[in-house]
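Report on the structure given below.
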Amino acid sequence: MSKEGEISAGRHALRKALRELEVTALEGRSRTEAIDEANVWLQQAGLARLRPTTVGGWFEKGSPAQDFVFLWALVRVLLEWSGYPSAGTLTGSSRGEAAARWRSTERLWKSLWEQAKATQPRAVAAASTPLMTAYLKAARASARQHPYPGVLGPAGLPALSDVYVRQKARSPAKDNPDSPSPDDATTPENQPGPVVPATEVFGEDHEICLLLGGPGGGKSTLLRSHLADSADEWLDNRTGKTIPVMVNASALTGTDLLPTVLARTITANLRQAGLLVELTADFFRDPPQAKVPWLVLVDGLDEIPDADTRNAVLTTLANAAGTGHRFVVATRPLPATELGTLGPNVPHYELQPFSHHDVRTYAMHWFRPLDDPGHHSEAFMAGLGRRRLSARGREAIAPELARHVAAVGYDPDAGRLTVCPESSAQATKLWTGLRTDR
Numbered sequence: 510m511s512k513e514g515e516i517s518a519g520r521h522a523l524r525k526a527l528r529e530l531e532v533t534a535l536e537g538r539s540r541t542e543a544i545d546e547a548n549v550w551l552q553q554a555g556l557a558r559l560r561p562t563t564v565g566g567w568f569e570k571g572s573p574a575q576d577f578v579f580l581w582a583l584v585r586v587l588l589e590w591s592g593y594p595s596a597g598t599l600t601g602s603s604r605g606e607a608a609a610r611w612r613s614t615e616r617l618w619k620s621l622w623e624q625a626k627a628t629q630p631r632a633v634a635a636a637s638t639p640l641m642t643a644y645l646k647a648a649r650a651s652a653r654q655h656p657y658p659g660v661l662g663p664a665g666l667p668a669l670s671d672v673y674v675r676q677k678a679r680s681p682a683k684d685n686p687d688s689p690s691p692d693d694a695t696t697p698e699n700q701p702g703p704v705v706p707a708t709e710v711f712g713e714d715h716e717i718c719l720l721l722g723g724p725g726g727g728k729s730t731l732l733r734s735h736l737a738d739s740a741d742e743w744l745d746n747r748t749g750k751t752i753p754v755m756v757n758a759s760a761l762t763g764t765d766l767l768p769t770v771l772a773r774t775i776t777a778n779l780r781q782a783g784l785l786v787e788l789t790a791d792f793f794r795d796p797p798q799a800k801v802p803w804l805v806l807v808d809g810l811d812e813i814p815d816a817d818t819r820n821a822v823l824t825t826l827a828n829a830a831g832t833g834h835r836f837v838v839a840t841r842p843l844p845a846t847e848l849g850t851l852g853p854n855v856p857h858y859e860l861q862p863f864s865h866h867d868v869r870t871y872a873m874h875w876f877r878p879l880d881d882p883g884h885h886s887e888a889f890m891a892g893l894g895r896r897r898l899s900a901r902g903r904e905a906i907a908p909e910l911a912r913h914v915a916a917v918g919y920d921p922d923a924g925r926l927t928v929c930p931e932s933s934a935q936a937t938k939l940w941t942g943l944r945t946d947r
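Numbers 510 to 947, taken from the numbering used here, label the letters of the sequence shown in order.
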């Protein structure tokens with residue numbers, strides 16, 4: 510087994526998050542300088558210094574620090590270098606908002622650290638049959654493509670995995686996991702839960718979970734990213750709790766049984782991604798491995814225009830859950846009466862929009878192939894800042910819209926934006942129109 514295959518899912522996630530943060534933070538600086546700055550804080554706290562070899566293990570193998578305080582010392586430096594304002598440098602309401610943001614971010618990193626410490630590599634993989642291997646390879650290749658390439662412009666786009674920025678989600682209320690759709694009233698007994706990595710929706714033990722997000726909110730991209738990462742893990746002999754398969758909700762509107770629909774649809778969808786064998790209903794009928802169910806990623810429920818048809822799809826999923834299949838259903842917010850068809854106690858995760866920091870990170874990833882990517886990233890951000898989007902609006906841009914603006918709205922020769930929405934409302938309208946015309 511390769512060293513890559515020995516990395517557990519938790520360590521893989523920690524390593525990936527560290528590498529993404531470092532790409533944004535180290536502009537003209539080095540990891541050694543970041544370690545030195547972290548050590549200043551650690552020494553002031555009376556703690557041991559970080560060693561470069563220890564930190565190297567975090568970035569190479571996702572090895573968790575012995576104590577979270579050591580990891581956080583370095584992450585805090587990298588976040589400040591990447592544009593996070595320190596609460597101590599602000600006043601008034603901005604100080605309180607920055608402090609809350611730092612607390613939330615610290616919780617996110619602590620969650621990654623805890624997962625890296627808790628998870629251990631497992632030796633048995635489901636990718637042991639030729640048919641499963643063929644499916645996983647084709648699914649991985651397909652998932653690495655952008656969900657709406659026609660919207661993003663011409664061919665030649667960077668791989669989705671090269672530019673993807675991990676999103677966050679508002680988790681279900683702890684006291685009442687049957688949380689309402691975002692357009693419903695929230696009672697004191699059913700307050701939203703904390704902001705967590707959006708990938709937590711895939712680790713839920715529930716048979717069905719809902720992933721809610723507005724237009725261009727990144728739902729399809731999140732599903733694709735998880736599918737690609739999970740296929741990577743299985744193909745590298747790193748096992749997981751489920752094996753994902755992605756299908757559009759419109760494919761479930763007929764009368765065929767779920768395994769038949771999956772076989773027909775997935776075979777057709779993966780043909781251009783290199784699948785050379787036909788997947789059968791038997792392949793999807795039973796769990797692919799003992800105690801490892803299929804995780805069916807259902808995208809675009811809201812794109813079904815008829816409420817009765819949506820209800821029929823949800824009924825199908827509710828009846829199929831627990832038969833070797835689990836489901837994550839992605840949709841824009843719908844009336845609670847509709848989503849209630851899935852049954853009680855279904856967790857609802859609400860995708861959070863890109864923050865100003867997220868957009869900047871995405872820009873760094875997108876412009877990486879160009880000469881002086883830092884210059885183009887700053888020009889891109891300056892272009893957004895000159896528009897009439899408020900400061901709050903700039904911190905709530907739809908991820909898919911950010912991708913479109915970077916792809917077709919930025920002129921690298923001129924070093925400026927040529928297409929950009931003027932307001933949050935116009936941003937939503939633009940993305941909806943792009944999706945309709947694709």
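Backbone N, C-alpha and C fix where the C-beta goes; we use that ideal spot for every residue, glycine too.
Note down the Cα distance separating residue i from residue j, rounded to an integer number of angstroms.
i    : j    : result
D741 : G566 : 21 Å
P703 : H866 : 19 Å
K677 : C718 : 16 Å
P497 : V674 : One cannot answer for residue 497 here, as it falls past the ends of the chain, which runs 510 to 947.
K570 : R560 : 16 Å
A758 : W590 : 42 Å
L523 : A772 : 34 Å
P706 : L617 : 7 Å
P573 : G727 : 29 Å
D811 : R558 : 52 Å
W581 : T642 : 38 Å
E904 : A777 : Model confidence at E904 stands at a pLDDT of 41, short of 50, so the residue's coordinates are unreliable and nothing is read from them.
D714 : A554 : 39 Å
D808 : R585 : 36 Å
L556 : A647 : 48 Å
A650 : L779 : 9 Å
F792 : T832 : 14 Å
S864 : R610 : 11 Å
M873 : H885 : 8 Å
G723 : K750 : 28 Å
A845 : T774 : 29 Å
T950 : R540 : What the structure shows of the chain is the stretch from 510 to 947, and residue 950 is not part of that stretch, so it cannot be assessed.
A608 : Q861 : 19 Å
T563 : R538 : 19 Å
I451 : L551 : Outside the shown range of the chain, which is 510 to 947, sits residue 451, and nothing can be said about it.
N820 : L848 : 8 Å
A547 : E716 : 43 Å
T708 : D738 : 11 Å
G725 : A891 : 22 Å
G592 : R528 : 16 Å
A816 : T730 : 25 Å
Of the choices the options, whose alpha-carbon is the least far from that of residue i?
i    : options                : result
L645 : I813, P706, D808, L788 : L788
T840 : R869, V822, F792       : V822
E887 : E536, L530, H521       : E536
L583 : F792, V710, R610, V549 : V549
T638 : N746, Y871, A607       : N746
E542 : F579, L587, R528       : L587
R653 : D765, P753, S734, N820 : S734
A627 : Q575, L551, I775, L744 : Q575
F568 : I752, V532, V578, A607 : V532
V710 : S539, L806, T748       : L806
K619 : D738, N820, V578       : V578
K800 : D738, T748, R528       : T748
S517 : A816, P878, W743       : W743
So, are the CB atoms of residue i and residue j less than 7 Å apart?
i    : j    : result
L785 : M755 : no
G767 : A829 : Sequence check: residue 767 is Leu here, not Gly. Against a cut-off of 7 Å, the Cβ pair of A829 and L767 comes out as a contact.
A625 : G519 : yes
L621 : A534 : no
F876 : P882 : yes
T979 : A782 : Here the chain comprises residues numbered 510 to 947, so residue 979 is not present and cannot be evaluated.
L843 : F836 : no
P802 : H834 : yes
T850 : T870 : no
R612 : E859 : no
T762 : T818 : yes
L804 : P753 : yes
State yes or no: is the beta carbon of residue i nearer than 7 Å to at least one beta carbon in chain E?
i    : result
A547 : No chain E is present in this structure, which holds just one protein chain.
Taking the DSSP output, what are the residues bridged to residue i?
i    : result
A678 : V705, L860
T840 : L721
V756 : V807
R835 : L804
Q798 : V801
- Query: Between the region 854-864 and the region 792-808, do three or more beta carbon pairs fall short of 8 Å?
  - Reply: no
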